[in-house]
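In what follows, a structure is listed as structure tokens, so that the remarks can point back to it.
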Amino acid sequence: MTPAQLALRQQILQLVEQYDAAAAPAAPFLPGQTVIPPSGKVVGAPEMRNMVEASLDAWLTTGRFNAAFEARLAQRLGVKHVLTTNSGSSANLLAFSALTSPLLGERAIRPGDEVIGVAAGFPTTVNPILQCGAVPVLVDVHLPTYNIDVTQLEAAITPRTKAIVLAHTLGNPFNLDVITRLARQHGLWLVEDCCDALGSTYNGQLVGTFGDIATLSFYPAHHITMGEGGAVFMNDDLLKRAAESLRDWGRDCWCAPGKDNTCGQRYCWKLGALPEGYDHKYTYSHLGYNLKITDMQAACALAQLDRLDGFIAARKRNFARLHERLKACEEFLLLPAATPGSDPSWFGFPITIKPEANLRRIDLLTHLDGKRIGTRLLFAGNLTRQPYMQGRNFRVAGPLTNTDTVMNDTFWIGLYPGLSDDQLDYAADEIASFVGGGL
1 MTPAQLALRQ QILQLVEQYD AAAAPAAPFL PGQTVIPPSG KVVGAPEMRN
51 MVEASLDAWL TTGRFNAAFE ARLAQRLGVK HVLTTNSGSS ANLLAFSALT
101 SPLLGERAIR PGDEVIGVAA GFPTTVNPIL QCGAVPVLVD VHLPTYNIDV
151 TQLEAAITPR TKAIVLAHTL GNPFNLDVIT RLARQHGLWL VEDCCDALGS
201 TYNGQLVGTF GDIATLSFYP AHHITMGEGG AVFMNDDLLK RAAESLRDWG
251 RDCWCAPGKD NTCGQRYCWK LGALPEGYDH KYTYSHLGYN LKITDMQAAC
301 ALAQLDRLDG FIAARKRNFA RLHERLKACE EFLLLPAATP GSDPSWFGFP
351 ITIKPEANLR RIDLLTHLDG KRIGTRLLFA GNLTRQPYMQ GRNFRVAGPL
401 TNTDTVMNDT FWIGLYPGLS DDQLDYAADE IASFVGGGL
């Protein structure tokens, strides 16, 4: 970069900050008129400055910002390896696919092997199991934590079981004492889907660091964002090698984009049925994908990391405010509870309507929609009842009673850092008012 370019770059970045400072102040909250979204992003000058700087680099695939983000996130999580992906769903696909790698020998998951999960959650926690030819074994959830009912877990394990794949629902950690004990006892892989749970802890330890491999999402709804994006993280070197290969087209080479001959033996390999000396950069050891991100995305997320502690604190504070505001409704509403021993970094505030309320969920949600209060169901509700699951190869381990309750009576409202106290109070008060009005 020439001195003139460097000076111009600094001017451009200063203008970005001035542009952000010139933005109009947020409009005042008008109850019943201002939309209260269930989720959203909080970005400003630091993120825009980084993204513009990345665009000025004109390095359009993963580059220096991605390397910095992976390193900082690994340090934050206390793990050896972080690999970014183009979405949280891709991260789940990559994490599970890594467990099918031939590098793992007899421990590799193969078609027909069973994998334990739950039906009350997001589809792409379970979908990779099916996509890789394994068989999901679905267990009921516990209310009001909305995580797997660990009292039913051991009964679901058979000689064909190879792994447990679970999400920390809406940021609430599942019971890692029981699950890690059973995973070790039976020699099972444990995949932690932390897409909704960045910053949550269990017994003082970050979720995602208990199992073999874990995932994150950086969609705008999540704790930090890069627009579209995700990550897998792990400590095991072999799993990292498998995941990196699968992410990068399945190639055996581990050169970064734009780099050649990192191994120093580019034309010295003899692999598969290829001729000796075949270019290692074009040798493929896995049935892979291309799941990488752009450097501009990483630049945004790198700036977001500086805000993460504040975001987590705001989510916890907003959760506590909603819980306190809705306590008077507990006769009619089942309010969420943290798993014992956990400190959730909440993604949302789940609520289940009790039979005593004598009202339908659709009526409450329609009322809230009319008041401009955004709501979401607990994702797929009961996956086994979704259209795409009809005729699929899965097994249900016991009645899914609570899962059906989630499907019929549960929803959640937002608590992300962009919401004000007035917005949170208004949402809670409208729920309380309607529940009282429905008696």
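Counting in our numbering, the sequence shown runs from 1 upward without gaps. Each residue gets a CB set at the ideal place from its N, CA and C atoms; glycine is no exception.
Exposed or buried, which one is residue i when buried takes at least 16 other CB atoms within 10 Å?
i      : result
Leu176 : buried
Ser433 : exposed
Asp421 : exposed
Thr384 : buried
Glu356 : exposed
Tyr282 : exposed
Asn203 : exposed
Phe233 : buried
Ile362 : exposed
Gln304 : buried
Tyr426 : buried
Gln423 : buried
Lys162 : buried
Thr145 : buried
Gln452 : Only positions 1 to 439 of the chain appear in this structure, which leaves residue 452 out of reach.
Lys240 : buried
Leu30  : exposed
Pro399 : exposed
Gly437 : With a pLDDT of only 46 at Gly437, under 50, the local geometry of the prediction cannot be trusted, and no value is derived from it.
Cys329 : buried
Thr405 : buried
Leu143 : buried
Val141 : buried
Glu244 : buried
Val115 : buried
Thr124 : buried
Gly171 : buried
Kindly indicate which three-state DSSP category residue i falls into: helix, strand or coil?
i      : result
Asn172 : coil
His286 : coil
Met407 : helix
Gly230 : strand
Phe387 : Here the sequence assigns Pro to residue 387, which means Phe is not the residue at that position. Helix at Pro387.
Lys270 : coil
Ala214 : strand
Thr401 : helix
Phe311 : helix
Val454 : Because the chain is modelled from 1 through 439, residue 454 falls outside the range shown and cannot be assessed.
Val35  : coil
Arg110 : coil
Phe96  : helix
Phe434 : helix
Pro102 : helix
Thr158 : coil
Pro350 : strand
Asp421 : helix
Pro128 : helix
Can you pull the DSSP bridge partners for residue i?
i      : result
Asp343 : Thr201
His466 : Nothing in the structure corresponds to residue 466, since the chain is present only between 1 and 439.
Val396 : Leu138
Ile148 : Val141
Leu190 : Ile164
Ile373 : Ile36
Trp59  : Looking at the DSSP assignment, Trp59 forms no beta bridge with any residue, so it has no partner.
Val115 : Pro136, Ala163
Leu305 : Its beta-bridge partners do not exist; DSSP assigns none.
Ile413 : Phe349, Thr375
Leu333 : Ile353
First and last residue of the alpha helix (DSSP H) that includes residue i?
i      : result
Gly120 : In the sequence as displayed, the identity of residue 120 is Ala instead of Gly. Run containing Ala120: none; DSSP gives neither H nor E here.
Ile362 : 361-370
Ile12  : 3-21
Output the boundary residues of the beta strand (DSSP E) element that contains residue i.
i      : result
His81  : 81-85
Glu70  : Not the beta strand (DSSP E): Glu70 falls in the alpha helix (DSSP H), residues 64-77.
Phe379 : Careful: Phe379 lies outside any beta strand (DSSP E) and carries neither H nor E.
*What are the start and end residues of each continuous alpha helix (DSSP H) run of 4 or more residues lying completely inside the stretch 236-271, in chain order?*
237-247
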